[in-house]
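Shown next, in C-alpha cells, is the structure this report addresses.
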Amino acid sequence: MSIYDLVIESKFYNNDKIADFENNCDGLKVGVLGGTFDPIHYAHLATAEFIRCKYKLDKIIFIPSGDPPHKLWNITNKYDRYNMVLLAIAKNMDFIAFNTEMEKKGKTYTVDTLRHLNKNYPGAQFFFITGADAICDIEEWKDVEENFKLATFIAATRPGISLLRAQDQIEKLERKYNANIISVYVPSLDISSTYIRDQLKRGNSVRYLIPENVEKYIYEKNLYGVGDE
1 MSIYDLVIES KFYNNDKIAD FENNCDGLKV GVLGGTFDPI HYAHLATAEF
51 IRCKYKLDKI IFIPSGDPPH KLWNITNKYD RYNMVLLAIA KNMDFIAFNT
101 EMEKKGKTYT VDTLRHLNKN YPGAQFFFIT GADAICDIEE WKDVEENFKL
151 ATFIAATRPG ISLLRAQDQI EKLERKYNAN IISVYVPSLD ISSTYIRDQL
201 KRGNSVRYLI PENVEKYIYE KNLYGVGDE
C-alpha cells in the first residue's frame, strides 16, 4: 500500500475514533498530549500509554501544534506532522489525533486549546500531559492561571530532568495558582525528535525509533533532508 493510501486509511480510522469520542465523551477521563511531533516517535507513544494506564485515562488526544509561539527551529509543515501522528496511532483505539491547533491562524497556545476542548466536550475531564521541564517554565505561558483551571496537569519526568527542581516548582505553582499538578516519573525511552532529525540528516538509520509507517512517510516525502545529496 502506498504512503498516500496509508494516510487516507489512517484518517478514516481517526474520524471513526473522533465520532465515537464525541458521542460518548461524558464522564471520560481524557489525556491531552500536545507537541510539535517533529517527528512523532516511540517515546511519545510509550509515555502516552504509560500515563493512560497509570491514571486509568479513557483516551489520549494527540494535538500537533500549528504555529507554536516558542519554536526553536524551522519546524516541518504542520500537515506532514499531523499525517505522521495519524500513521503512528492508527490502530490504537485509545489514541486520537485532533487538528485543533493546525486549523487556527497565527500563534497557537495551550490555553486556547484547553478552552476549545472544555467548551466542546463539557462532560469530559481533561488531563494535560507535559514534561516536567516545561512545568518549570510554565509561568511564561499565556494565561497561566487559566490553564490550571481548565485541566489537571500531569508533569512527566524523564531521564536528564532534575526531580528536585521540578518538584520544587510544582509545589510553588500549586500554592500560587491553586493548581492540581501530578508529578510522575515515566520510565520512557531515551529518544528525542531532535536526535531523530539529526540521524536522518546524517543518513543514519532510525529503524525501531519511530513507527515503520512514519519512517516510510519521511522517506517518501523527503523530510529532514533525507533526499539531499
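If you count by my numbering, then the sequence shown holds residues 1 to 229, one letter each, in order. Here a beta-carbon is modelled for each residue, glycine too, at the ideal position from N, C-alpha and C.
Bridge partners - residue i, DSSP secondary structure assignment
| i | result |
| --- | --- |
| F126 | V30 |
| R165 | Bridge partners of R165: none, in fact. |
| Y185 | T157 |
| G238 | Since the first residue of the chain shown is 1 and the last is 229, residue 238 is not available in this structure. |
| R241 | The structure shown does not extend to residue 241, since the chain is modelled only from 1 through 229, so no value can be given for it. |
N-terminal and C-terminal residue of the beta strand (DSSP E) that residue i is part of
| i | result |
| --- | --- |
| A155 | T152 to T157 |
Residue i burial status per 10 Å Cβ neighbour count (16 or more: buried)
| i | result |
| --- | --- |
| P39 | buried |
| A19 | exposed |
| G34 | buried |
| M1 | exposed |
| K17 | buried |
| L164 | exposed |
| G66 | buried |
| K142 | exposed |
| K59 | buried |
| R207 | exposed |
| K54 | exposed |
| K105 | exposed |
| S205 | exposed |
| Y4 | exposed |
| P187 | exposed |
| N14 | buried |
| N147 | buried |
| K78 | buried |
| F12 | exposed |
| P211 | buried |
Run of the alpha helix (DSSP H) containing residue i, from where it starts to where it stops
| i | result |
| --- | --- |
| I218 | E212 to K221 |
| R115 | T110 to N120 |
| R202 | No alpha helix (DSSP H) contains R202, which DSSP labels as neither H nor E. |
Residue i versus the options, residue with shortest Cα-Cα distance
| i | options | result |
| --- | --- | --- |
| L200 | V214, E171 and L189 | V214 |
| T152 | D133, L164, L173 and R165 | L173 |
| G123 | C25, R197 and L114 | C25 |
| M84 | N204, G203 and S193 | S193 |
| V30 | Y42, Q169 and K56 | K56 |
| T110 | F127, D94, F95 and I96 | F127 |
| I129 | K119, A88, L150 and K107 | L150 |
| I51 | N120, V7, K105 and I154 | I154 |
| N180 | Q167, I191, K221 and V186 | Q167 |
| R197 | N15, I75 and I60 | I75 |
| K119 | T100, W141 and I170 | T100 |
| V136 | T36, S10, I89 and T157 | Looking at the sequence shown, residue 136 is not Val but Cys. Comparing Cα-Cα distances from C136 to each of T36, S10, I89 and T157, the minimum goes to T157. |
| G222 | D80, E146, E212 and L209 | Here residue 222 turns out to be Asn, not Gly, going by the sequence shown. Among D80, E146, E212 and L209, the Cα nearest to that of N222 belongs to D80. |
| T108 | M93, P64, Y82 and A134 | P64 |
| S10 | F98, P69, Y42 and N23 | F98 |
| I8 | P68, A46, F21 and A90 | A90 |
| Q169 | A132, D190, I191 and Y121 | A132 |
| Y177 | V226, L189, G203 and I138 | I138 |
Contained beta strand (DSSP E) runs [length at least 3] in the stretch 24-103, N- to C-terminal order: 29-35, 59-64 and 95-97
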